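Read the structure below first, then the notes.
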RNA sequence: UGCUUCGUGGUGUAAUUGGCAACACGUCUGACUCUGGAUCAGAAGAGUCCAGGUUCGAGCCCUGGCGAAGCAACCA
């Protein structure tokens with residue numbers, strides 16, 4: 201296409217001001233004065249499930265491009281199939297869009313708002329000899345449709361009179377006929393190379409209550425017969441959708457052309473869907489995970505749903521930034537989750553306070569520290585942001601540190617605690633390990649003994665002495681107990697859904713969730729509330745779970761910190 | 001053996017009228033550090049699916065191949 205080279209420069213280094221290929225098209229349309237230079241988009245979810253990060257990509261484009269050109273974006277529920285749709289989903293979808301940071305300014309519509317006008321348009325097509333009632337079943341119609349490589353054959357009902365078609369279609373809607381017994385078809389071209397133009401079904405009989413129109417209708421329009429027309433009714437100028445609708449576009453145009461009266465005409469443009477490594481995105485597959493209880497629900501923190509990501513601790517800013525960074529093209533890409541993880545680390549790094557939490561505790565006893573002494577160490581909340589201030593953390597003779605931070609026989613590159621080694625306790629003293637005790641039955645290290653150097657207190661006279669490592673800690677006497685859920689990628693294959701002859705569930709990561717029931721966290725965390733976010737110093741970013749309660753605190757790991765030691769240790 | 005669309009470092013995106021293929025993530029060094037985080041400095045990594053052609057010059061234009069995806073719901 202020629203628009204690629206025509207307009208605004210796309211500066212990869214500055215995605216904030218650059219225009220993707222769709223926005224370039226919009227810009228050209230505006231400059232050419234099409235549709236009076238208006239820009240009006242829409243986000244058209246079907247209310248049959250929860251929004252996922254793929255929808256976020258569409259939302260950012262629909263609302264984002266409208267905003268860029270001073271236009272509007274409608275929210276339109278594509279509710280033409282009463283079998284699959286429910287009010288419950290309408291509410292969750294609206295919540296998720298708002299959470300992401302977008303607003304439709306009251307322009308909430310439903311395809312079902314237009315059922316009367318759509319029906320009238322169908323009658324109009326019949327009158328014009330452009331639609332007919334077909335009495336055949338779905339199998340016969342499918343057989344006559346041909347295949348992508350073979351043309352179809354015309355239905356025996358194709359030449360019905362206008363009067364008969366009017367009569368039949370009206371009676372279809374009055375409930376006289378059974379579901380599946382008749383459909384209304386557009387009369388286009390059974391030998392078209394485009395399957396969608398071979399007399400597509402535009403209305404079917406469905407004797408179901410619709411979540412908004414109740415039992416008013418017995419016929420419901422198909423997607424193809426609703427979408428473009430709804431765009432037209434709403435004054436939408438640019439109807440953005442994913443690549444698989446490319447072949448629908450001629451039908452979209454055919455219908456709009458027969459509906460429109462003036463120069464105004466909506467235009468469909470397609471972009472690539474979001475794919476993420478180690479993730480499945482299709483609604484069907486996500487639903488399967490939920491139904492089979494392979495995850496705890498639609499908002500399981502491992503799910504790519506917006507509710508799942510939210511519960512996991514992702515911020516709307518991080519998701520928007522991620523989406524901005526991957527761009528919109530016509531290439532079916534598979535994006536590295538590492539980029540998503542980078543986006544959330546980058547965001548949280550600046551925003552979130554650091555705290556001490558020991559996930560796998562082992563007791564550390566400072567043998568030369570008085571048993572009855574208590575100090576309060578002043579600890580900076582976020583070295584990236586002075587305005588976040590500091591807090592006091594109790595320090596005493598018995599502490600907990602991470603099991604992983606001690607090795608009986610440490611290798612050279614291990615910069616932490618081992619016999620005779622020195623480390624700094626972050627915000628406290630430099631300590632030296634003098635011994636340890638093992639649990640006789642398990643053989644695991646049960647207690648570690650050390651001495652501290654009183655001169656080395658943070659900010660003190662000998663505080664500048666360098667040691668190799670710095671450990672986080674909590675005071676045993678003052679620590680709170682917490683449950684910490686360590687989430688990892690749900691799948692251990694980069695493309696679980698794309699393996700021929702293999703079911704995606706074969707690639708589930710058995711270690712995608714590890715629950716640590718007795719973690720020790722610093723006492724300042726006593727009153728945390730769901731959605732509170734922290735960096736557990738040296739460990740990762742964590743978010744308070746929605747079911748967390750005072751006295752029964754639950755954290756979800758959003759993402760671990762980058763860990764060069766972890767990589768080294770694996771080698 | 002149809003129609004539509006797409007092929008640029010490992011991944012994704014960019015490259016103005018045809019002008020030294022750039023940016024981000026990831027990877028690897030090093031510096032700094034009271035987080036093995038962050039930050040900073042640097043490196044490796046593609047010659048743009050292939051073959052021709054036009055041109056002083058092609059990722060971009062032309063021709064021909066090859067490969068991949070979507071399309072045969074009364075789903076959206």
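In the working numbering, the protein residues as written are 201 to 771.
For glycine and all other residues, C-beta sits at the position ideal for the given N, C-alpha and C.
From a predicted model like this one, the values you see are computed outputs, not experimental measurements.
Cβ shell of residue 767 (< 6 Å), same chain only, five flanking positions each side left out: none
Count the other CB atoms within 10 Å of the CB of residue 672; is the residue buried (16 or more) or exposed (fewer)? By the neighbour-count rule (16 or more Cβ atoms within 10 Å), residue 672 is buried.
Looking at residue 782: is its Cβ nearer than 8 Å to the Cβ of residue 299? This structure gives no information on residue 782, because the portion of the chain shown stretches from 201 to 771.
Please state the DSSP three-state secondary structure of residue 737. coil
Tell me which residues share the same chain as residue 738 and place their Cβ nearer than 6 Å to its Cβ, disregarding the 5 neighbours each side in the sequence. 672
From residue 379 to residue 408, what distance separates their C-alpha atoms? Take the alpha-carbon of residue 379 and the one of residue 408: they are about 10 Å apart.
Give the DSSP bridge partners of residue 681, in chain order. 720
Cβ shell of residue 522 (< 7 Å), same chain only, five flanking positions each side left out: 539, 540, 543
Could you work out which residue in 350, 415, 726 is closest to residue 750 when comparing CA atoms only? 726
If the criterion is Cβ atoms closer than 8 Å, does the pair residue 473 and residue 443 meet it? yes
Inter-stretch contact at 8 Å, needing at least 3 Cβ pairs: the stretch 550 to 566 / the stretch 722 to 736: yes
Contiguous beta strand (DSSP E) assignments of at least 3 residues, all confined to the stretch 551 to 598: When DSSP assignments are scanned along the stretch 551 to 598, the uninterrupted stretches of beta strand (DSSP E) that are 3 or more residues long and fall wholly within it turn out to be 561 to 566, 575 to 580, 590 to 595.
If we call anything under 8 Å between Cβ atoms a contact, is residue 456 one with residue 422? no
What does a CB cutoff of less than 6 Å around residue 272 pick up in its chain, not counting 5 residues either side in sequence? Here the set comprises 240, 266.
Under 8 Å by Cβ, that's how I've got residue 263 and residue 311 pegged, so tell me the actual separation to the nearest angstrom. About 19 Å separates the two Cβ atoms, so there is no contact after all.
Look at the Cβ atom of residue 384, then the Cβ atom of residue 426, and state whether they are nearer than 8 Å. no
Would DSSP call residue 250 helix, strand or coil? coil
Any chance you could list the beta strand (DSSP E) runs of at least 3 consecutive residues sitting entirely within the stretch 324 to 392, in chain order? List check, beta strand (DSSP E) in window: 331 to 334, 383 to 386.
Sort out for me which residues DSSP pairs residue 653 with in a bridge. 630
By alpha-carbon positions, which one of 318, 513, 707, 281 ends up nearest to residue 412? 281
Round the Cβ separation of residue 575 and residue 595 to the nearest angstrom and send it over; I've been treating them as touching at under 8 Å. Cβ-Cβ separation between residue 575 and residue 595: approximately 5 Å, consistent with a contact (criterion under 8 Å).
Looking only at DSSP bridge pairs, what is residue 241 linked to? Under the DSSP definition of a beta bridge, residue 241 partners with 273.
At least 3 beta-carbon pairs within less than 8 Å: the stretch 524 to 532 vs the stretch 650 to 668: no
Check each candidate in 268, 567, 243, 247 and name the one with the smallest Cα separation from residue 256. 243
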